[in-house]
Amino acid sequence: MPKLAILGFQKLFSLMKIIIKQKVCGKWPIKWYAPECIYFLKFSSKSDVWSFGVLMWEAFSYGQKPYKGMKGGDVTQMIETGKRMDCPPRCPPELYEIMKLCWTYKVEDRPKFSSVELKLRNYYYDIAQ
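Its first residue numbered 1, the sequence shown is counted upward by one per residue in the UniProt record's numbering.
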């Protein structure tokens, strides 16, 4: 099941210039979390972009589990070494490139949703012609 970090509310919080800090204990969806969420408990629209990239991967893998068979520590180690999930079979390379952009490690270098949306829109227009 796809998981996004409070995507619907993020626009409101961004307007108020608030960075949400996770303060509760429990089971966290590490496989959908951006590095700054995992290590610093900071959530923003940019961390939602990371989660969106994982959601895209799930959609193009026809509902496969991300990082299948890996535990949270294995996932964080993979991310830290610069590795990312492989392109799902039959996924257009252009869309996989967008996923990889969403998984940019440094939050300040990660694209905004407006940039991701434009890339998706341009891809759609290219294939629709």
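Ideal placement from N, C-alpha and C gives every residue a C-beta, glycine not left out.
Sequence-distant residues of the same chain with beta carbon closer than 8 Å to residue i, five excluded per side
i: L118; result: none
i: Y67; result: K31, D74, V75, M78, M85
i: Y33; result: A5, S47, W50, S51
Residue from the options with nearest C-alpha to residue i
i: K83; options: S61, T104, F113, F52; result: T104
i: E58; options: R121, C87, P93; result: C87
i: S47; options: K71, Y123, P89, K106; result: K106
i: P89; options: S115, Y62, K71, T81; result: Y62
i: P92; options: Y123, A34, Y33, P29; result: Y123
Cβ distance (whole Å) where residue i is taken to contact residue j below 8 Å
i: L95; j: F43; result: Not really, about 25 Å apart at Cβ, beyond 8 Å.
i: V49; j: P111; result: 6 Å
Cβ shell of residue i (< 6 Å), same chain only, five flanking positions each side left out
i: K65; result: none
i: D109; result: none
Cβ-based neighbour list, residue i, same chain, cut-off 7 Å, excluding 5 preceding and 5 following
i: G73; result: none
i: Q129; result: none
Are the stretch 91–106 and the stretch 37–44 in contact at 8 Å, needing three or more beta carbon pairs?
-> no
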